[in-house]
């Protein structure tokens, strides 16, 4: 029988995830990649698949508890706090000497203060059209090396440095998901093993924590009381009540006859001339089968051996 594991279920959908990731770019699409991967994992854990359908109610509850914990950590995702699209853009500045009064100026870059582009465009709308795509012409104030402060025009060039996600990067993501699946499979397998051990221990106790296993002397005493009751001319209601109560625990006192002979041991007694029951047997029902709990005794004459 094929084992229904989360790992085997993921292996069936691995290729579709690869196709979804192939058209993504890093670092620009990091948030989208994380969303795609999280959605795929959620589908694995919460979807109608062979793995989930194989879980019983207890396993499913344990898995749901693990999911709730995982989702709480997911809220700490870096994708929600970092603008990866902005990180994927490289900004470079180039002094436009053709539009700078005084010709070439040696700029001390760490003292440049940027006039916001939106304000610059408002003052001189043509500036946003005067340069090629991917560049913006803005006004800046700078200090030259001789200490003079002068207004210059600077070209701001923005370039998307993102790269299409590689096969190796996709492999790393897939491997991470396989690790998650294997870890969950291990947890579920351990839960199932532990449950099986507990059930086996409980069944052992049910099978062995019985009167005949734990207190055989009590059954022997009841056998002698039953013998006394059978031999007495008057019935003792207390003994009758005791034998009746014993039936509530699945036990029954039986006398010797051909159909119950297997519950008795035979002992030679030279003082008897025919088979004679000395002690009744006590039997119990085990899954519909009568088995001996405490053997009865039948005396047989020496010649009948």
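In my numbering, the protein residues as written are 602 to 906.
We treat Cβ as the ideally placed atom computed from N, Cα and C, and that holds for glycine.
- [ ] Whole angstroms is fine: what's the gap from residue 899's alpha carbon to residue 876's?
- [x] Their backbone Cα atoms lie some 7 Å apart in a straight line.
Open item on the list: If you follow the alpha helix (DSSP H) that residue 615 is in, where does it begin and where does it stop?
Closed with: Looking at the DSSP string, the run of the alpha helix (DSSP H) that includes residue 615 is 607 to 623.
Task: Same chain only: Cβ atoms within 6 Å of residue 676, ignoring 5 sequence neighbours per side - done: Low local confidence applies: a pLDDT of 48 at residue 676 is under 50, so the model's placement there is unreliable, with the coordinate-based value given in what follows. Apart from sequence neighbours up to five positions away, no residue of its chain approaches residue 676 with a beta-carbon distance below 6 Å.
Task: Per-residue DSSP class, three states only, for residue 895 - done: Strand, per DSSP.
Task: Length of the line joining the Cα atoms of residue 625 and residue 643 - done: Rounded to whole angstroms, residue 625 to residue 643 spans 20 Å at the Cα level.
Open item on the list: Taking a contact to mean a Cβ-Cβ separation below 8 Å, would you say residue 591 touches residue 820 in this structure?
Closed with: What is shown of the chain runs 602 to 906, which leaves residue 591 out entirely.
Task: Sufficient close CB pairs (3 or more, under 8 Å) joining the stretch 771 to 789 to the stretch 602 to 622 - done: Yes: the two stretches touch, three or more of their Cβ pairs being nearer than 8 Å.
Open item on the list: So residue 689 and residue 774 are supposed to be a Cβ contact under 8 Å. How far apart are they, rounded?
Closed with: For residue 689 against residue 774, the beta-carbon gap comes to about 18 Å, at or over 8 Å, which does not count as contact.
Open item on the list: For the ligand FMN, I want to know if residue 654 counts as a neighbour, meaning its beta carbon is within less than 7 Å of at least one of the ligand's heavy atoms.
Closed with: Absent from the structure shown: the ligand FMN. Ligands present: none.
TODO: Determine, using beta-carbon pairs with one atom in the stretch 878 to 892 and one in the stretch 847 to 855, whether at least three such pairs fall under 8 Å.
DONE: Touching, yes, given that three or more Cβ pairs across the two stretches are closer than 8 Å.
Open item on the list: Could you tell me the alpha carbon to alpha carbon distance between residue 633 and residue 754, rounded to whole angstroms?
Closed with: When rounded, the distance between both Cα atoms is 37 Å.
Task: First and last residue of the uninterrupted alpha helix (DSSP H) at residue 806 - done: Counting along the chain, the alpha helix (DSSP H) containing residue 806 begins and ends at 768 to 809.
TODO: Can you say whether residue 777 is buried or exposed, counting buried as having 16 or more other CB atoms within 10 angstroms of its CB?
DONE: So residue 777 ends up on the exposed side.
- [ ] Assign residue 880 to one of three DSSP states: helix, strand, or coil.
- [x] Of the three classes helix, strand and coil, the one that applies to residue 880 here is strand, per DSSP.
TODO: Sort 879, 844, 809, 627 by Cα distance to residue 832 and report the nearest one.
DONE: Selected option, being the one with the closest Cα: 879.
Open item on the list: Would residue 641 and residue 618 be called neighbours here (beta carbons separated by less than 8 Å)?
Closed with: Closer than 8 Å, so yes.
Open item on the list: Going by DSSP in three states, residue 843 sits in which element: helix, strand or coil?
Closed with: Helix.
- [ ] To the nearest angstrom, report how far apart residue 896 and residue 799 are at their CA atoms.
- [x] If I take the Cα positions, the gap works out to 32 Å.
Task: residue 756 vs residue 695 beta-carbon contact at 8 Å - done: In this structure, residue 695 lies closer than 8 Å to residue 756 by Cβ.
Task: Whole-angstrom distance between residue 759 and residue 794, CA atom to CA atom - done: Taking the Cα positions, residue 794 is about 58 Å away from residue 759.
Open item on the list: Suppose you measure from the CA of residue 653 to the CA of residue 647; what does that come to, to the nearest Å?
Closed with: Each residue's alpha carbon lies about 7 Å from the other.
Task: residue 691 versus residue 772 - alpha carbon distance - done: Distance between the alpha carbons of residue 691 and residue 772 is about 27 Å.
Open item on the list: By the three-class DSSP mapping on this structure, what secondary structure does residue 677 have?
Closed with: Legend: pLDDT at residue 677 = 44, less than 50; position of this residue unreliable, no value from coordinates given.
TODO: Excluding the 5 residues preceding and the 5 following residue 693 in the sequence, name in chain order all residues of the same chain whose CB lies nearer than 6 Å to its CB.
DONE: Taking residue 693 as the centre and dropping the five residues before and after it, the same chain places the C-beta of 758 closer than 6 Å to its C-beta, in chain order.
TODO: Throw me the rounded Cβ distance for the residue 808 and residue 894 pair, which I believe falls under 8 Å.
DONE: At roughly 13 Å, the Cβ-Cβ gap does not stay under 8 Å, so residue 808 and residue 894 are not in contact.
Open item on the list: How far does the beta strand (DSSP E) with residue 864 in it extend, from its first residue to its last?
Closed with: Unbroken run through residue 864: none, as it is neither H nor E.
Task: Coil, strand or helix - residue 887 by DSSP - done: In the structure shown, residue 887 sits in a strand (DSSP, three-state: E or B).
Open item on the list: Strictly by DSSP, which residues pair up with residue 761?
Closed with: Bridge partners of residue 761: 690.
Open item on the list: If you reduce the DSSP assignment to three classes, tell me which class residue 669 lands in.
Closed with: Helix at residue 669.
Open item on the list: Mapping the DSSP letters down to three states, classify residue 831 as helix, strand or coil.
Closed with: Looking at residue 831 - three-state DSSP - the assignment turns out to be helix.
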